[in-house]
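Just so we're aligned, residue 1 is where the sequence shown starts under full-length UniProt numbering, counting upward by one. First up is the structure itself, then whatever we jot down about it.
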Amino acid sequence: MESRTKSNHQLRRGLCYANVDLQRGRSPSVIVIGGGMAGIAAARALQDASFKVVLLESRERLGGRIHTDYSFGFPVDLGASWLHGVCKENPLAPLIGRLGLPLYRTSEDNSVLYDHDLESYALFDMDGNQVPQELVTKIGKIFEMILQETENIRQEFSEDMSIQRALTMVFERKPEFRLEGISHKVLQWYLCRMEGWFAADADSISLKHWDQEVLLPGGHGLMVRGYLPVIHTLAKGLDIRLGHRVTKIVRQYNGVKVTAENGKTFVADAAIVAVPLGVLQAKTIKFEPKLPDWKEAAISDIGVGIENKIIFHFKNVFWPNVEFLGVVAETSYGCSYFLNLHKAAGHPVLVYMPAGQLAKDIEKMSDEAAANFAFTQLKKILPDASSPIQYLVSRWGTDINTLGSYSYDAVGKPNDLYERLRVPVDNLFFAGEATSMLYTGSVHGAYSTGMMAAEDCRMRVLERYGELNLLQPVLGEDSVIPLQISRL
Ligand SMILES: Cc1cc2nc3c(=O)[nH]c(=O)nc-3n(C[C@H](O)[C@H](O)[C@H](O)COP(=O)(O)OP(=O)(O)OC[C@H]3O[C@@H](n4cnc5c(N)ncnc54)[C@H](O)[C@@H]3O)c2cc1C
Numbered sequence: 001m002e003s004r005t006k007s008n009h010q011l012r013r014g015l016c017y018a019n020v021d022l023q024r025g026r027s028p029s030v031i032v033i034g035g036g037m038a039g040i041a042a043a044r045a046l047q048d049a050s051f052k053v054v055l056l057e058s059r060e061r062l063g064g065r066i067h068t069d070y071s072f073g074f075p076v077d078l079g080a081s082w083l084h085g086v087c088k089e090n091p092l093a094p095l096i097g098r099l100g101l102p103l104y105r106t107s108e109d110n111s112v113l114y115d116h117d118l119e120s121y122a123l124f125d126m127d128g129n130q131v132p133q134e135l136v137t138k139i140g141k142i143f144e145m146i147l148q149e150t151e152n153i154r155q156e157f158s159e160d161m162s163i164q165r166a167l168t169m170v171f172e173r174k175p176e177f178r179l180e181g182i183s184h185k186v187l188q189w190y191l192c193r194m195e196g197w198f199a200a201d202a203d204s205i206s207l208k209h210w211d212q213e214v215l216l217p218g219g220h221g222l223m224v225r226g227y228l229p230v231i232h233t234l235a236k237g238l239d240i241r242l243g244h245r246v247t248k249i250v251r252q253y254n255g256v257k258v259t260a261e262n263g264k265t266f267v268a269d270a271a272i273v274a275v276p277l278g279v280l281q282a283k284t285i286k287f288e289p290k291l292p293d294w295k296e297a298a299i300s301d302i303g304v305g306i307e308n309k310i311i312f313h314f315k316n317v318f319w320p321n322v323e324f325l326g327v328v329a330e331t332s333y334g335c336s337y338f339l340n341l342h343k344a345a346g347h348p349v350l351v352y353m354p355a356g357q358l359a360k361d362i363e364k365m366s367d368e369a370a371a372n373f374a375f376t377q378l379k380k381i382l383p384d385a386s387s388p389i390q391y392l393v394s395r396w397g398t399d400i401n402t403l404g405s406y407s408y409d410a411v412g413k414p415n416d417l418y419e420r421l422r423v424p425v426d427n428l429f430f431a432g433e434a435t436s437m438l439y440t441g442s443v444h445g446a447y448s449t450g451m452m453a454a455e456d457c458r459m460r461v462l463e464r465y466g467e468l469n470l471l472q473p474v475l476g477e478d479s480v481i482p483l484q485i486s487r488l
C-alpha cells in the first residue's frame with residue numbers, strides 16, 4: 001500500500017514537473033567551464049543526452065593540458081603525451097582504438113616509477129661518459145629496495161612525512177644503502193625520475209599516499225600522432241565559445257548564472273566547473289554564494305606540481321638509439337633527461353622534461369634562455385651536439401589558464417581531498433584530473449571525471465523535473481576496437 005502511495009506521488013510529481021518543463025518549452029541546459037579533456041567529455045556526454053550545452057573556454061584553443069603543436073611540420077605534445085594504462089579497461093581505449101591512433105609502448109611496467117623500461121635508458125655523467133648499463137640496472141634495484149624500506153617507516157609513524165624525510169631515515173638506519181660516486185649519482189637520477197612523475201620534489205611528496213594511485217595494466221603508451229585528435233573528435237558539433245574566461249559563477253535556486261571576463265553572461269540549469277585546480281586555488285573565479293568551507297579546504301590542500309617540456313627539433317639524429325637519455329648528478333635537482341621521439345615517432349626530436357623546483361626556476365627564464373639551459377644539459381651528454389633548428393618551451397606553472405601541471409598528494413593531507421573536490425555543490429558539478437580519486441593527474445582520469453560529472457548533472461537536473469526516464473543515459477557502451485601498439 002505504502003509503495004503504491006509513493007509511486008502515485010512520484011507519478012504526480014513527475015507529471016507536474018513534466019508540465020513545468022513543457023511550459024518552459026526547452027531542454028535542460030548546462031554550462032561547461034573549461035575545454036580540456038574533462039570539460040569536453042562532460043559537454044559531449046550531456047549533449048548526447050539531449051541537454052542544451054554551452055562550453056566556455058578561456059584560451060583561443062581547445063585541449064587545455066593537451067596541447068599538440070604542429071609548427072615543426074608534424075605533431076609534438078607540449079602537455080600530455082602518454083596513455084597510462086594501454087589496455088581495454090582504459091576509459092579512453094575505445095575512442096583511441098576507433099580513431100586508429102597508434103601508440104608506442106615505452107614500458108610494460110605498471111608502476112609509477114618506470115614509464116620507461118630500464119633497458120631503454122642511456123645515462124651519462126657530466127663529462128659525457130656513459131654509465132655502464134649493469135650499474136644503471138643494479139642501482140634501479142637498490143632504489144626499489146630503499147623504497148621498500150620507506151614502507152616500514154610508513155607503518156611505524158602515524159604522522160605523514162615527505163618521501164625525502166623517509167629516505168634520510170632509511171640512510172640513517174641502513175648505512176649500506178648510502179652510495180658514493182657514480183652510484184650515488186645514478187640513485188639521484190632515479191629520484192629525479194620519481195619527482196618527474198609527481199611533478200614535485202621529494203621533500204613535498206607524501207610518504208603515506210605516493211603509491212596509492214591506481215595504475216591501469218598494460219604499461220605506458222606514447223600517442224605517436226599527438227593527443228589532439230581525441231579532443232577534436234569529442235568536441236565535434238558542440239557549442240564552444242573560445243576566448244571566454246569565466247570570472248563569476250552565481251548559483252541560484254533554479255539555475256546558475258556565469259559571467260565571462262568579456263562581460264557576456266550565460267544562464268542554465270546547472271554548470272560543470274572543469275578548470276584546473278591551480279586556477280581554483282588562485283581564486284580568479286568568484287563563486288556566489290561562496291563555496292562551502294570543506295570545498296575550499298579541498299581546493300587549497302591538494303598539491304599542484306610543475307613539469308614542463310622544452311622540445312628540440314634537429315636537422316639530423318646524432319644521439320644513440322635509446323628512448324631516454326639522462327644526465328646523472330650529485331643531487332636530483334642537477335639530474336636531467338631527454339625523451340627521444342625519434343624512437344617512437346621517427347622525427348629528429350628530443351624532449352627535455354624538468355619538474356618540481358627546477359621547472360619553476362626555468363620558467364623564470366626567457367624562452368631563449370630556457371632552451372639554452374636545456375641544450376647545455378644535452379651538451380653534457382653529447383659534446384658535439386648540433387644546435388636545434390626549432391624549439392618549443394611550455395610554461396604550465398605560470399600560464400594563467402593552468403597554474404600548474406597536475407595534482408599530487410602533498411604531505412600531511414587527508415586522502416579524501418580529491419573526492420571532496422569532486423562532490424557537487426547544489427547545481428555546480430566539478431570535473432578535472434584533480435577530482436579523480438583513482439587516476440589523478442592523467443588524461444584518462446580527467447576524461448572519467450567529465451563523464452561522472454555529466455552523469456551526476458543529468459541525474460540531478462532531470463530528477464528535478466521528474467524526467468529521469470525520458471533521456472538517454474550518459475554512460476553509453478562503446479564498441480571495443482583493439483589499440484594499435486608498436487615498439488620499434
Ligand atoms: C607537461 C605535462 C605532461 C603531462 N603528461 C601526461 C601524460 O603523458 N599522460 C597523462 O595521462 N597525463 C599527462 N599530463 C596530465 C594531463 O595533461 C592532465 O591531467 C589532463 O589533460 C587535465 O585535463 P583537465 O580537463 O582536467 O584540465 P585542462 O586540460 O587543464 O582543462 C581545463 C581547461 O580550463 C580552461 N580554463 C582555465 N581557466 C578558465 C576560466 N576561468 N574560464 C574558462 N576556462 C578556463 C583552460 O584553458 C583549459 O582548457 C601531463 C600534463 C602536463 C602539464
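The beta carbon of each residue, even a glycine, is placed where N, CA and C say it ideally should be.
Here TYR352 carries a strand assignment [DSSP, helix/strand/coil]. As summarised for the region 203-268, the continuous beta strand (DSSP E) elements at least 3 residues long and confined to that stretch are 220-223, 246-252, 255-260 and 265-268, given in chain order. Rounded to the nearest whole angstrom, the CA to CA distance from SER387 to VAL136 is 28 Å. ARG464 has its alpha-carbon roughly 26 Å from the corresponding atom of LYS286. Distances from the CA of GLY346 to each of PHE430, LEU103 and CYS192 were compared; the closest alpha carbon is that of LEU103. Beta bridge pairing from DSSP links ASP77 with THR68. Counting along the chain, GLU288 sits inside the beta strand (DSSP E) bounded by residues 286-288. In the DSSP assignment, THR376 falls within the alpha helix (DSSP H) that extends over 367-381.
Short of 7 Å from the beta carbon of ALA385, and not among the five residues preceding or following it, lie these beta carbons of its own chain, in chain order: PHE318, LEU378 and LYS379. In this structure GLY63 is buried. Its beta-carbon is surrounded by 16 or more other beta-carbon atoms within 10 angstroms. ASP201 places its beta carbon 7 Å or farther from that of GLN47. By the 16-neighbour rule on beta-carbons within 10 angstroms, MET145 is exposed. Taking C-beta atoms as the reference points, ALA38 and THR449 count as a pair closer than 7 Å. If only uninterrupted alpha helix (DSSP H) runs of at least 4 residues are considered, those enclosed by the region 424-473 are 443-464. Relative to the non-hydrogen atoms of ligand 1, the Cβ of MET452 never comes closer than 6 Å to any of them. Looking from the CA of LEU403, the closest CA among SER394, MET169 and ALA410 belongs to SER394. Per the coordinates, the alpha-carbon of GLY255 lies some 11 Å from the alpha-carbon of ILE249.
For TYR406, there is no enclosing alpha helix (DSSP H); the residue is found in the beta strand (DSSP E) stretching over 406-408. Cβ-Cβ separation between ILE311 and LEU392: approximately 4 Å, consistent with a contact (criterion under 8 Å). Not a single heavy atom of ligand 1 lies less than 6 Å from the C-beta of ALA45. PHE430 places its beta carbon 7 Å or farther from that of ARG420. Shown here, LYS315 sits in coil according to DSSP, grouped into three states, outside any helix or strand. For LYS295 and LYS413, the gap between their C-alpha atoms comes out near 14 Å. Secondary structure note for GLY278: its alpha helix (DSSP H) is the uninterrupted segment 277-281.
Counting the other Cβ atoms within 10 Å of the Cβ of ARG98 gives fewer than 16, which makes it exposed. Pairing SER162 with ASP211 gives a Cβ-Cβ distance that is not under 7 Å. Listed in chain order, the alpha helix (DSSP H) elements of length 4 or more contained wholly in the region 152-182 are 163-173.
The DSSP-derived three-state label of SER336 is strand. Between THR376 and GLN188, the C-beta spacing is not below 7 Å.
Each of ILE389, VAL273 and PHE177 was checked against the Cα of PHE314, and the nearest Cα belongs to ILE389. With a cutoff of 7 Å on beta-carbon distance, ARG245 and ALA235 are scored as not near each other. For the 7 Å CB-CB criterion, ALA122 and PRO320 form a contact.
Contact annotation, ILE231 with ILE66: C-beta distance approximately 6 Å; criterion of less than 8 Å satisfied. Just so you know, the alpha carbons of PRO292 and GLN281 end up roughly 14 Å apart. In this chain, the beta strand (DSSP E) harbouring GLY326 covers 324-327.
In the assembly as shown, ARG59 is a buried residue. Its beta-carbon has 16 or more other beta-carbons within 10 Å.
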